[in-house]
Amino acid sequence: MSAVISAFIMISVGSTTANAACGKVSITEMNWASASVVTNVAKFLMEQGYGCKVTAVPSDTVPAATSLAEKGEPDIATEMWVNSAPVYQKLEAEGKVKTVGNVLSDGGAEHWLIPKYLAEKHPELKTIQGVLANPKLVGGRFHNCPEGWGCRIINDSLKKAFNFKAKGMAVFNHGSGDTLAASLAAAYEKKGPWFGYYWAPTALLGKYEMVAVDLGPFKSDVHKCNRKPDCSPKGISSYPSARVVTGVTTKFAEREPAIVKMLSKLSFTNHQMGEILAWKKDNNASSQEATAYFLKNYQKVWAGWLNDEARGKLAGLLK
Amino acid sequence: MSTFEPFFTALGLAEWCKGEAGQANNLTSLADLAAKAKGEEEAILSIWELPFPSMDALHASCAAFPKSRELSKGIENVFLDIKDTLSLVLDPLTQPLSWLLQGALWLFETTPWWMMIPLLLAVVMLVGRSRILVGFVAACLFGFAFIDYYTFATQTLAVIFVCSMLCVIVGVPVGIAMSRSDRLQRTLIPILDMLQTLPAFVYLIPLIFLFSVTEPKLYGIAIILYAIVPVIRLTDLGIRLVDVEVIEAATAFGLTERQKLTKVQIPLALPNIMAGINQTIMMSLSMVVIASLVSAPGLGVLVLRGIRNLELGVGLLSGLGIVVLAIVLDRTTKLALARVSPSQNQ
């Protein structure tokens, strides 16, 4: 009898060492190009390699962070630009979410930009001092982030530190990221001046070549104060590279450790992501097709993310 | 996917199809990739999986046939080509709107509160002649000012004021013209339907390419195009609803067409016209948040901040502020309506 029981126990223990059948997984799909690629790659690998049933949830940074906190859904939030969602850091501190990896390994790049043709025509505009000495050359206006974005607080601090008002640089506060992007595109199409904030890797910057204006070195304590609306005095510091992470709920981390291990390795360099987005734009491809392009051409990269069993299941693609 | 290949071969287009396939179809779908991973061949499709002969499905069988995304790309290219000419025409036409909005915003913002609030209350008294209403409006304005929402509330008021005024100035004549011509009505009704249902962002983003995004006319156009519809429709309806016998009596009395319009039709249609104006103001307020998405100042900015930052209190309070403004304007215009047509007071 005890032999039967112990045999039973051994069999059940044995079966859990193999990949337990993965259940239902929900993952965010943020509404910008690089995030769409990241989500689709993760979704494909989870479905084909780990046998999960994956639902992609269209989302945005702050709603995703809140949903994670309040409802514990979705299971995975990827391409979280942590600087734009102070609420995420609070959740991390409280232990409600677990950051498993940096999905953009170089970090996101946030800069004040001018168009390339403008920088070539007037090289003095490559530094902020040059821009502030010739505000008319860049259109006399700084295109600022919408209210509610983290960069808005930082830009508002920097505009005070640089004293835009005295230098004759007006500030236009955009109502949404769409108008910010559209203003950049519109200016580029008619080869006009533009000066404002934008971030990479994005499809927009893949399409329109911009040059970053040098704001000087990055000073950590100055930047920390610039990030808080009530802190003063404001100082001058450039943007650090932004942390872009994949976060999971603690419940999911306990449920699916194999998937979490894969997600911790899932990451793209800015160069890789830029290449994918450029290919996407050149071929007028959809996000799914861009994902298929990545899977076909970067096999060495993604094969390293998987465990042996998943690699076996996807052997057909790894030839 | 060779589902439709026989169709193309039968039409004798096999050569044309292959001819353009020089650019190899390097766009694989994820479904194909998944099948490849499992080591399956492309399955023969059963009748249950027969695809509709859409542009994409036909393209898969014949590489020369355009994909559906070429349609949207084509529309985009057409727009980018004509935008310079369009902006040459539209920019000067809409510039007065920009000036009016900038002027109104400047006026409402620089007038100090101890001049602005009494002025607004005086206007309400003149229009409504009701002390209860004036008291209510005063309470609302003081409430806004007390919670530091005064600037935002006055900015929204300025924008709504200019846009509603322009809606009425343009809308009422259009409505009158519509009421006199069945053909015009038939042409305009689908356009009005489209203006009310087409999502604002669909035409706003292309407009950013035409005008500068910093121009107030962008959100002015968004609000006007949405809010002008009720006043046009209700003016048209009101004039058409005037009793035929009354018109006949007027003709019998020897009134000219113009006199009939100004002395008989418009006064009798006034309740409907005022209802239209009331609805126009309400609809312009409902566009406040979308207007703020294209950089309009006012309470919409606070609503968006509340949404983005998850400051639920800010979102709720500013939303309620918009509702309060709506109630104030609604009551005022309703009282004005009651005075204008005493036989039809609500």
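Chains as they are written, first to last, in our numbering: chain U, 15 to 333; chain W, 3 to 348. From the three backbone atoms N, C-alpha and C, an ideal C-beta is built for every residue, glycine too.
- Excluding its 5 nearest sequence neighbours in each direction, Asn148(U) has C-beta neighbours in its own chain below 8 Å: His136, Glu138 and Leu139, listed in chain order.
- Look at Phe186(U): its C-beta is under 9 Å from a C-beta on chain W.
- When DSSP states are grouped into helix, strand and coil, Phe209(U) belongs to the coil group.
- Collapsing the DSSP output to three states places Glu93(U) in a strand.
- With contact defined as three or more Cβ pairs closer than 8 Å, the region 72-89 of chain U and the region 41-55 of chain U are in contact.
- Per DSSP, reduced to three states, the secondary structure at Asp244(U) is coil, with no helix or strand assignment.
- Chain U places no beta carbon closer than 9 Å to that of Val330(W), leaving this residue out of the contacts.
- In the three-state reduction of the DSSP assignment, Ser166(W) falls in the helix class.
- Along the region 305-326 of chain W, going in chain order, the ones with a CB nearer than 9 Å to a CB of chain U are Leu306, Arg307, Gly308, Ile309, Arg310, Asn311, Leu312 and Glu313.
- By the C-beta criterion, the region 115-133 of chain U is judged to be in contact with the region 213-227 of chain U, since at least 3 inter-stretch pairs fall below 8 Å.
- Around the beta carbon of Thr199(W), fewer than 16 other beta carbons sit within 10 angstroms, so the residue counts as exposed.
- Fewer than three beta-carbon pairs drawn from the region 295-305 of chain U and the region 313-321 of chain U are found closer than 8 Å, and the two stretches are therefore not classed as touching.
- For a cut-off of 8 Å, the C-beta gap from Ser297(W) to His188(U) is around 6 Å, short enough to register as a contact.
- Counting every other CB atom within 10 Å of its CB across the protein chains shown gives Trp101(W) a total below 16, marking it as exposed.
- Residues of the region 159-171 of chain U with a C-beta atom less than 8 Å from some C-beta of chain W are Pro160, Glu161, Gly162 and Trp163, listed in chain order.
- As the crow flies, the alpha-carbon of Asn158(U) is around 6 Å from that of Phe186(U).
- Scanning Leu219(U), Val39(U) and Glu323(U) for the CA closest to the CA of Tyr211(U) turns up Leu219(U).
- The beta carbons of Gly121(U) and Leu277(U) sit no closer together than 9 Å.
- For Pro94(W), the uninterrupted alpha helix (DSSP H) run begins and ends at Ser70 to Thr112, by DSSP.
- When C-beta distances to chain W are compared with 8 Å, the residues of the region 48-63 of chain U below that value are Asn54, Phe58, Glu61 and Gln62, in chain order.
- By the criterion of at least three beta-carbon pairs nearer than 8 Å, the region 256-269 of chain W is not in contact with the region 135-151 of chain W.
- Around the CB of Cys245(U), fewer than 16 other CB atoms lie within 10 Å, so the residue is classed as exposed.
- Between the region 276-294 of chain W and the region 232-244 of chain W there are three or more C-beta pairs closer than 8 Å, enough to call the two in contact.
- For Asn54(U), the enclosing alpha helix (DSSP H) covers residues Ala47 to Tyr64.
- Restricting attention to alpha helix (DSSP H) runs no shorter than 4 residues, the region 174-201 of chain U encloses them at 178-181, ordered along the chain.
- For Ser63(W), the uninterrupted alpha helix (DSSP H) run begins and ends at Met57 to Ser63, by DSSP.
- One finds Gly330 in chain U with Cβ atoms closer than 7 Å to the Cβ of Lys40(W), taken in chain order.
- Residues of chain U with a Cβ closer than 7 Å to the Cβ of Val244(W) do not exist, since the nearest Cβ in that chain sits about 43 Å away.
- Closer than 9 Å to the CB of Leu60(W) there is not a single CB belonging to chain U.
- The continuous stretches of alpha helix (DSSP H) do not include Gly162(U), and DSSP gives it neither H nor E.
- For chain U, the residues of the region 206-240 of chain W that bring a beta carbon within less than 7 Å of one of its beta carbons are Ile207, Ile210, Phe211, Val215 and Thr216, in chain order.
- Excluding sequence positions up to five before and after Gly130(W), its CB lies within less than 8 Å of the CB of Val136, Arg333, Thr334, Leu337, Ala338 and Arg341, all in the same chain and listed in chain order.
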